[in-house]
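Enquirer: Chains as they are written, first to last, in this note's numbering: chain X, -2 to 463; chain D, 592 to 1111. Glycine is no exception: its CB is placed at the ideal position from the N, C-alpha and C atoms. None of the values given here were measured: they were computed from a predicted structure.
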Amino acid sequence: MSTTEHDTDGTLGEMGGVVDPVDLGMPAPGGAFDDHNPPDAALIGDCVHCGFCLPTCPTYVLWGEEMDSPRGRIYLMKEGLEGEPMTDSMVGHFDACLGCMACVTACPSGVQYDTLIEQTRAQVERHHERPAQEKALRGLVFALFPHPRRLQLLRGPLRALQATGLDRALRRTGLLDRISPHLAAMESLAPRLGRPEPLPERIAATGTRRMTVGLLTGCVQGAFFPGVNSATARVLRAEGCDVVVPRSQGCCGALSVHNGREEEAQGYARALVDAFESSGVERVVVNAAGCGSSMKEYAALLADDPAYAARAQEFAEKVRDISEILDELGPVAPRHPLEMTIAYHDACHLAHAQGVRAEPRRLLEAIPGLELREIPEGDLCCGSAGIYNITNPEPARELGDRKAHNIVSTGAEVLVTANPGCLMQVTSAIERLTSADGGRPMGMAHTIEVLDASIRGAPTTTFTTA
Amino acid sequence: MGDATQGTSTTSESSGLDSTGLDSTALDSSGLDSSGRIAAVAEVARRLLPDAGVITDRARLRTYECDGLAHYRVTPALVVIPQDAEQLAALVRACAEQAVPFVARGSGTGLSGGALPHAEGVLVVTSQMRAIREVRRDDQRAVVEPGVINLDVTKAATPVGYYYAPDPSSQQICSIGGNVAENSGGAHCLKYGFTTNHVLGADFVTPDGDTVSLGGAAPDSPGYDLLGAVVGSEGTLGIVTSATVRLVRLPEEVRTILVGFSSTDQAGAATSAIIAAGIVPAAIEMMDALAIEAAEAAVHCNYPDGAGAVLVIELDGAAIEVEQEYAEVRRLCDDHGAFEQRLATDPAERALIWKGRKSAFAAVGRISPDYIVQDGVIPRTALPEVLTAIAELSGSSGVRVANVFHAGDGNLHPLVLFDDEIDGAGEAAERVSGAILDLCIEHGGSITGEHGVGMDKSKYMPRMYTDEDLDTMQLVRCAFDPQNISNPGKVFPTPRLCGEVPGRHKGAHPLQEAGLAEVF
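(1) Select from X:Pro357, X:Gln120, X:His402 and X:Gly250 the residue whose C-alpha is nearest the C-alpha of Glu294 (chain X).
(2) Closer than 7 Å by beta-carbon distance: list the chain D residues that pair up with Asp43 (chain X), in chain order.
(3) Is the number of C-beta pairs between the stretch 872 to 891 of chain D and the stretch 934 to 942 of chain D that are closer than 8 Å three or more?
(4) Quick one: which chain D residues come within Cβ less than 7 Å of Pro105 (chain X)?
(5) Identify each residue in the stretch 658 to 688 of chain D for which the Cβ-Cβ distance to at least one residue of chain X is less than 9 Å, and report them in chain order.
(6) For Asp915 (chain D), count neighbouring C-beta atoms within 10 Å of its own C-beta (all shown protein chains included) and say buried if the count is 16 or more, exposed if not.
(7) Closer than 6 Å by C-beta to Ala350 (chain X): which residues in its own chain qualify, once you throw out the five before and the five after it? Chain order, please.
(8) Count the other CB atoms within 10 Å of the CB of Ala309 (chain X); is the residue buried (16 or more) or exposed (fewer)?
(9) Going along the chain, which unbroken runs of the alpha helix (DSSP H) with 4 or more residues stay wholly within the stretch 208 to 281 of chain X?
(10) Check the DSSP bridge columns for Val716 (chain D) and list the partner residues they point to.
(11) Please report the Cβ distance between Gly792 (chain D) and Val831 (chain D), rounded to the nearest whole angstrom; I am assuming they are in contact, meaning their Cβ atoms lie under 8 Å.
(12) My output table needs one value for Asp92 (chain X): the three-state DSSP class, helix, strand or coil.
(13) How far does the alpha helix (DSSP H) with Asn403 (chain X) in it reach, from first residue to last?
(14) Whole angstroms are fine: how far does the CA of Ser863 (chain D) sit from the CA of Glu1033 (chain D)?
(15) Comparing the C-beta of Glu260 (chain X) with each C-beta of chain D, is any distance below 8 Å?
(16) Please return the same chain residues whose Cβ sits closer than 7 Å to the Cβ of Cys54 (chain X), not counting the five positions on each side in sequence.
(17) Decide if Pro417 (chain X) is buried, meaning its Cβ has at least 16 other Cβ atoms within 10 Å, or exposed.
(18) Could you tell me whether any Cβ in chain X is nearer than 8 Å to the Cβ of Arg653 (chain D)?
(19) For the beta strand (DSSP E) containing Phe852 (chain D), name the first residue and the last one.
(20) Flag Gly48 (chain X) as yes if its beta-carbon sits less than 8 Å from any beta-carbon of chain D, otherwise no.
(21) Counting contacts by CB-CB distance shorter than 8 Å, is Gly612 (chain D) in contact with chain X?
(22) To be precise: take each residue of the stretch 727 to 741 of chain D, compare its Cβ to all Cβ atoms of chain X, and keep it if any distance is under 9 Å. Which residues remain?
(23) Assign His891 (chain D) to one of two classes, buried (16 or more other C-beta atoms within 10 Å of its C-beta) or exposed (fewer than that).
(24) Could you tell me if Leu150 (chain X) is buried or exposed, where buried requires 16 or more neighbouring beta carbons within 10 angstroms of its beta carbon?
(25) Decide if Ile571 (chain D) is buried, meaning its Cβ has at least 16 other Cβ atoms within 10 Å, or exposed.
(26) At 3 residues or longer, and completely inside the stretch 947 to 1028 of chain D: list those beta strand (DSSP E) runs for me, N to C.
(27) Run through chain D and tell me which residues come within less than 8 Å of Glu81 (chain X), C-beta to C-beta.
(28) Please list, in chain order, the chain D residues whose beta carbon lies closer than 9 Å to that of Ser86 (chain X).
(29) Extract the residue ranges of the beta strand (DSSP E) inside the stretch 648 to 715 of chain D, only unbroken runs of 3 or more that lie entirely within it.
(30) Have a look at His1004 (chain D) and Asn774 (chain D) and give me their C-alpha separation to the nearest angstrom.
(31) Three or more beta-carbon pairs under 8 Å between the stretch 40 to 55 of chain X and the stretch 695 to 704 of chain D, yes or no?
(32) Run through DSSP, which three-state label would His891 (chain D) get?
(33) Do you know offhand how far Glu976 (chain D)'s Cα is from Ile969 (chain D)'s?
(34) Tell whether a beta-carbon distance below 8 Å holds between Ala668 (chain D) and Glu81 (chain X).
(35) Considering just the uninterrupted stretch of the beta strand (DSSP E) at Leu906 (chain D), what are its terminal residues?
(36) Of all Cβ atoms in chain X, is any one closer than 8 Å to the Cβ of Pro960 (chain D)?
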């Protein structure tokens, strides 16, 4: 099949003529993509241009531009295959995508935009020369976040900064904003740190054992929200699970795969498969939405690796979000009342990427006394999106402010969500909002922390006095 | 500008030069070629708009080359995204001064190619003009900008007990500006009417860049119904920059029933019986087996197993009235062979029933690589006959046709399926699609119910209208747009320059001869 005969000069057809859809096969020479996994022409062909994705896309909602909508980005991919070169502006529109996958939920034609943008991002990383500063920032992010031990080392200085109040003083000077808005974003997102809570490698079930599960402790989750991991282990134990926490586990590769760093992601994935394979667990439980969604996709990520393809498939089938596994098991541990109102925020990588919406709501609503409120524009991303709030601080901040406004409008006392990225992003946005208008601060918690408190009979003040 | 567009008030400065920032050298368009004229408009746009609002590079321009009807593609020479009415008017004025064609686009979801760009023209995108300026509960009015999404009007009005009635299937993304241009309908127009019944006033930029107000918040403005001319004019008369729309009270009771029949004939007969009984449901929608298959694949709407057709019937109004109508509708459906009747018991079930129907067009992408969404109208009583004829057409040509339509008012949406990879399949589908329109005309119907003529159906206009009819329509168009720059090439099969003697008339138009009209 030849692609060179395609009309790529941008003047396809004449007014009124029906133009044959371009015969998309391998990428046209000189175009944006090479022939190693270019955005799949057949998947692009599934898009019927109906536009149902537009109102769900955070960047379209912000800017109202076709190129910054899923439909427009798919069109740019098609252009790239037809021979349009990979320009800075084209890359800018791909980079601006948060990867929230709300469009995948909305699409009536079943277009796999998630696959398309991942394929495109890997191509961008291969072919696009980023400016030095941007490269350095990405280098820093990927030298830090996927490495639990390095993040642990960062905890010391960060806690010292927070304990002395120097972090807030620094923020007030705006110095970091002037040096680099990206670094400023990174700093402002860092949560207030509690004590580290290391978990033993094996935790025995309370009462009769119903299942043996492995627990992914994650990078950011483990370093910044250690309380979430201990709460997860406690709830699993109380619900009759033996919990295995392999020491050898590292990063799942989610941040890498979502940013086109394919090889790096594959390396992480292989190591994680190795770490859990020998532990004999029936399920691998994840409490971070972004990690869970990429671990469920390991089969595709390692499909070309004969040594790992089958093992990755087997591993992926065992992966469950914490709310899925608890919903599947059904409760045995008694719940104590928690008289409070919560707003539940759907993490995109839980709701859109994994389709997990009902389970966390069922678990939370089963707690006596607890009232769950829905957040307006709940399907719209909060702007966290992996490392997006570091690489694209401005739109991320706008989306964060919009989300904070919607959350506060529910009047709920506590915000509950199931992803460390969202928790950091939304916390800092709500702090901005409430400190600006003098409103009352809001409690923040992971779904599992609320369940843990209910099972342990902890008071609501655990959450409401931040 | 001809007298015809003088509305109830005029708010533009007639010269307008200062606000465009045009200097005298740029003004002089004589001798400029097309790209020079576009460059002049782009220069004005750059002065008026933020950088992101002026698009000139090919890769980005191409993302605008089609609307919801993706098989027509034309790359515009320039895309501009104004943020308010003043900027939009200044951009149109710049186009007028340079005699550059312009096309308005909202969300780009139209199904007749109405927002197909002009290769040597400017695409004016209203997606950033999306403020809901007012929701006046007591007046039952809302004032919105053209880029506001249809469903967002309802979302804004629901908290005060109202909604916006016209609901095209694409209501979650289509814009009010596009709705006004196309006089959009929707499932509920059986009872509530089309966009034209819900727009009471509009601010409107004429093709020479003047801003006029048409209609008003009060119903039925005196004088010519210019607003009526503008609604449904498909962007050929100018661009609406603000619309005052009617809000409708949320009904006390809504009942949505999903009814399974073994054939479309039965479902059609049930529809006629319901209307004949004097019941006006808010909506009666029909889908045939193929359309059901697509919707199931896309949204798992759980329609009755093995149905040859389903009706989605919605009754709304006062509870006591709905109760009575509901019993009657059930009985009539039973009488006409319904094998399953399912009443939605909560909002989630109702939403799922409607999701199946509203996603049907796009969902057809699941069962066919390519398809044409047709839009025709027939008298409701001709439904069984026309559906049989469509089935025969499909059988003899081997082209699959799925049927989704507003059965209550005879608005058909046959979906003609094809695979463009197969040589000649597209042409065969086009032929079937055209033949369906012939069927509609033969049965006393029309070539479009609500999607508009746009680019796609202009060639069918002569099948419905005589040359004299079309020439008379051109006179209206020329009154608004003497330069023929506002969405040229759409609606009419053979666009003429205004002042050109139309068609085969050698002398003056009969109306001119009679002193009843003049050519602008």
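Expert: On the basis of the supplied data:
(1) For the residues X:Pro357, X:Gln120, X:His402 and X:Gly250, the minimum Cα distance to Glu294 (chain X) belongs to X:Gly250.
(2) Result: Gly956.
(3) The stretch 872 to 891 of chain D is not in contact with the stretch 934 to 942 of chain D.
(4) Ordered by position in chain D, the residues that pass the 7 Å Cβ test against Pro105 (chain X) are Ala889, Val890, Ser950, Ala953 and Ala954.
(5) Within the stretch 658 to 688 of chain D, the qualifying residues are Asp658, Gly659, Leu660, Ala661, His662, Tyr663, Arg664, Val665, Thr666, Val670 and Ile672.
(6) Here residue 915 (chain D) turns out to be Gln, not Asp, going by the sequence shown. By the 10 Å Cβ count, Gln915 (chain D) comes out exposed.
(7) The residues are Met98 and Ser290.
(8) By the neighbour-count criterion, in which a residue is buried when 16 or more other Cβ atoms sit within 10 angstroms of its Cβ, Ala309 (chain X) is buried.
(9) Those alpha helix (DSSP H) runs which fall completely within the stretch 208 to 281 of chain X and span 4+ residues are 217 to 221, 223 to 235, 251 to 254 and 259 to 274.
(10) The partner list for Val716 (chain D) (beta bridge, DSSP) reads D:Arg696.
(11) In fact, because the Cβ distance is near 10 Å, the residues do not count as touching under 8 Å.
(12) Here Asp92 (chain X) sits in helix by DSSP.
(13) Asn403 (chain X) -> alpha helix (DSSP H) spans Pro390 to Val405.
(14) Each residue's Cα considered, the two are about 20 Å apart.
(15) Judged by the 8 Å Cβ criterion, Glu260 (chain X) is not in contact with chain D.
(16) Correct list, in chain order: Ser66, Pro67, Ala99 and Cys100.
(17) With 16 or more other CB atoms across the displayed protein chains lying within 10 angstroms of its CB, Pro417 (chain X) is buried.
(18) The beta carbon of Arg653 (chain D) sits closer than 8 Å to some beta carbon of chain X.
(19) For Phe852 (chain D), the enclosing beta strand (DSSP E) covers residues Glu844 to Phe852.
(20) So yes, Gly48 (chain X) belongs to the interface.
(21) With a pLDDT of only 37 at Gly612 (chain D), under 50, the local geometry of the prediction cannot be trusted, and the value read off the model is given with reservation. Residue-level contact by beta carbon fails for Gly612 (chain D) and chain X, as no gap is shorter than 8 Å.
(22) If the cut-off is 9 Å between Cβ atoms, the stretch 727 to 741 of chain D has Gly738 and Ile740 near chain X.
(23) Classification of His891 (chain D): exposed, given that the 10 Å Cβ count is below 16.
(24) By the 10 Å Cβ count, Leu150 (chain X) comes out exposed.
(25) Since the first and last residues shown for chain D are 592 and 1111, residue 571 (chain D) lies out of range.
(26) Counting only runs that start and end inside the stretch 947 to 1028 of chain D, the beta strand (DSSP E) elements of at least 3 residues fall at 961 to 964, 992 to 997 and 1002 to 1009.
(27) Within 8 Å Cβ-Cβ: Arg649, Ala650 and Arg653.
(28) Those are Asp648, Ala650 and Arg651, listed as they occur along chain D.
(29) Listed in chain order, they are 669 to 671 and 693 to 696.
(30) CA-CA distance, His1004 (chain D) to Asn774 (chain D), rounds to 16 Å.
(31) Result yes; three or more Cβ-Cβ pairs closer than 8 Å.
(32) In the structure shown, the three-state DSSP call for His891 (chain D) is coil.
(33) Roughly 10 Å between the two C-alpha positions.
(34) When the beta-carbon positions are compared, Ala668 (chain D) and Glu81 (chain X) stay at least 8 Å from each other.
(35) For Leu906 (chain D), the uninterrupted beta strand (DSSP E) run begins and ends at Ala900 to Gly908, by DSSP.
(36) Cβ-Cβ to chain X under 8 Å: yes for Pro960 (chain D).
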